[in-house]
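Quick note: the sequence shown uses this note's numbering, first residue 4, plus one each step.
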Amino acid sequence: MQPVFIMLRSKTLIVGALMLLTSFSISAQKRFRPSLNLSGADQETWNFGVLFGNYPNSTADFLENYTVRFSLERTLIPRFDLRLEPGIILKKINLSAPAMPNTEIQLPVLLKYSANRIENINPFIIAGYQMGYLMQTVSAPLTHYIETGLGFDFYLKKSKAGLHLRVQHDLSGGRQSSAIFIGISVETRDGWKLYRQ
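Structure representation (structure tokens):
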């Protein structure tokens, strides 16, 4: 009878020790885990922001291919967003020999899929269609692209910062078939709601 009692007692001690270690581990994780910024941002319906970018080209003049876009994002289902990014791109500007810049108005319509958030970082992929209008071009002013890419959203205290790497495939013909777009975005979820927190 005594060995059975000793065995039960040793099992109780082991279980108690494991529970104690688990509680210490959980409390340590809570203590040293970085705080989650914008914890409710992914549940909001709307996302507004601005995106700055460039199409790198070693032969381009200063500020050529510089892009500014505004972003309007609507959550469709969890992790999937519909995204509009109206903006402009400066096709030709040379500060040493000023000339009328050839400006293109862009209207991308994109779908964005966000992966599981890891602390304050969230990777995503994005793809869709973009139409462009060349303002100084009389013949064939419309351009059509397929845009695909990936990036990371960084959750800050009051907003999100995103790093974008995208590839555009020209569907219009007669021009450069593809181009790389590198951009940085700053966004906020659901207007002023987060700024009131």
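Beta carbons are placed, not taken as given, at the ideal position from N, Cα and C, and that holds for glycine.
Starting from the Cα of residue 93, find the closest Cα among 79, 71 and 80 and give me that residue. Residue mapping note: residue 93 aligns to position 90 of the sequence shown, counting from 1. Of the candidates 79, 71 and 80, the one whose C-alpha sits nearest the C-alpha of residue 93 is 71.
Does the region 163-170 come close enough to the region 137-145 to have 3 or more Cβ pairs within less than 8 Å? Per the Cβ contact rule, the region 163-170 is not in contact with the region 137-145 (fewer than 3 Cβ pairs under 8 Å).
Is the distance from the Cβ of residue 138 to the Cβ of residue 106 below 8 Å? As a working mapping, residue 138 is identified with position 135 in the sequence shown. As a working mapping, residue 106 is identified with position 103 in the sequence shown. Between residue 138 and residue 106, the C-beta spacing is below 8 Å.
Cβ atoms of residue 111 and residue 251: under 8 Å apart, would you say? Residue 251 lies beyond the residue range present for the chain, which begins at 4 and ends at 200; the question has no answer from this structure.
In or out: residue 119 buried (at least 16 other Cβ within 10 Å) or exposed? By 1-based counting over the sequence shown, the position of residue 119 is 116. That one is exposed.
Identified DSSP bridge partners for residue 136: As a position in the sequence shown, residue 136 is number 133, starting the count at 1. For residue 136, the pairing in a beta bridge is given by DSSP as 108 and 145.
Please name the residue, chosen from 42, 189 and 58, that lies closest to residue 183 on a Cα-to-Cα basis. The residue you call residue 183 lines up with position 180 of the sequence shown. Minimum Cα distance to residue 183 is reached at 58.
In whole angstroms, what separates the C-alpha of residue 77 from that of residue 45? In the sequence shown, the residue the question calls residue 77 occupies position 74. In the sequence shown, the residue the question calls residue 45 occupies position 42. Counting only the Cα atoms, residue 45 lies some 11 Å from residue 77.
Which listed residue (148, 82, 91 and 109) has its alpha carbon closest to that of residue 117: In the sequence shown, counting from the first residue as 1, residue 117 sits at position 114. Cα-wise, what sits closest to residue 117 is 82.
How about residue 159 and residue 40: do their beta carbons lie closer than 8 Å? Taking the sequence shown and counting its residues from 1, one reaches residue 159 at position 156. Taking the sequence shown and counting its residues from 1, one reaches residue 40 at position 37. Yes, Cβ-Cβ distance for residue 159 and residue 40 is below 8 Å.
Cβ of residue 90 within 8 Å of Cβ of residue 185? For this step, residue 90 is matched to residue 87 along the sequence shown. For this step, residue 185 is matched to residue 182 along the sequence shown. Taking 8 Å as the Cβ cut-off, residue 90 and residue 185 do not qualify as a contacting pair.
Once you ignore the five residues that flank residue 52 on each side, which residues in its own chain have a CB closer than 7 Å to its CB? The residue given as residue 52 occupies position 49 in the sequence shown. Closer than 7 Å at Cβ, skipping near neighbours: 74, 188, 189, 190 and 191.
Cα-Cα, which of 148, 128, 130 and 129 is closest to residue 136? For the purposes of this step, residue 136 is identified with residue 133 of the sequence shown, where counting begins at 1. Among 148, 128, 130 and 129, the Cα nearest to that of residue 136 is on 148.
DSSP three-state label for residue 118, please. As a first step, residue 118 must be located in the sequence shown, where it is residue number 115. The answer is coil: DSSP assigns residue 118 none of H, G, I, E or B.
Just the Cα atoms here: how many angstroms apart are residue 85 and residue 79? Working through the sequence shown from its first residue, we reach residue 85 at position 82. Working through the sequence shown from its first residue, we reach residue 79 at position 76. Their Cα atoms are separated by approximately 7 Å.
May I ask which residues mark the beginning and end of the beta strand (DSSP E) holding residue 69? Counting from 1 along the sequence shown, the entry for residue 69 is found at position 66. Where residue 69 is concerned, the enclosing beta strand (DSSP E) stretches over 69-80.
Between residue 124 and residue 153, is the Cβ-Cβ spacing less than 8 Å? Taking the first residue of the sequence shown as 1, we reach residue 124 at position 121. Taking the first residue of the sequence shown as 1, we reach residue 153 at position 150. Against a cut-off of 8 Å, the Cβ pair of residue 153 and residue 124 comes out as no contact.
Shortest alpha-carbon distance to residue 109 belongs to which of 122, 88 and 121? Locating residue 109 in the sequence shown gives position 106, where the first residue counts as 1. When only C-alpha atoms are compared, the closest one is 88.
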